[in-house]
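Notes follow the structure.
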Amino acid sequence: MNKKYQLRYLPLFRQDMAQTVSYIANGLKNTEAALKLIDDVEAAILERLDHPVSFEPYYSAKKRKHPYYRIYVRNYVIYYVVVDDVMEVRRFLYGARDVEKYL
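With the numbering used here, letter number 98 in the sequence shown gets 249, and the count goes up by one each step, no holes.
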């Protein structure tokens, strides 16, 4: 039987998403692309929820109690951890960023 995981979004993830979507919709004047990104991110997270620890952890220079995992969506990366039975989505970052600075 598969383990069931709960889903939790941290406020920082929501802030990252809001800034990115706002930039695409308002800065780039492409509302359709912004809405599509939201749909794609949501779908990728929900798909991963069935088996969040079945993927390679992201190893960082910092010692962490819970390892980060990644989900790639276009040019962006979603970072999450698994704590007991909760998949905690923490960050949404542009793929070319200095990740260590933001995690």
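Where a beta carbon is used, it is the ideal one built from N, C-alpha and C, also for glycine.
Contact check, residue i vs residue j, beta carbons under 8 Å
i: residue 192; j: residue 224; result: yes
i: residue 159; j: residue 233; result: no
i: residue 167; j: residue 242; result: yes
i: residue 156; j: residue 197; result: no
i: residue 236; j: residue 154; result: yes
Own chain partners of residue i with C-beta closer than 8 Å, once the 5 adjacent residues on each side are dropped
i: residue 194; result: none
Other residues of its chain near residue i: CB distance less than 6 Å, five sequence neighbours each side excluded
i: residue 209; result: 219 and 221
i: residue 182; result: 176
Buried or exposed by the 16-neighbour rule on C-beta atoms within 10 Å, applied to residue i
i: residue 186; result: exposed
i: residue 162; result: exposed
i: residue 174; result: exposed
i: residue 179; result: exposed
i: residue 204; result: exposed
i: residue 164; result: buried
Whole-Å CB distance - residue i paired with residue j, under 8 Å assumed
i: residue 230; j: residue 238; result: About 11 Å; that fails the 8 Å criterion.
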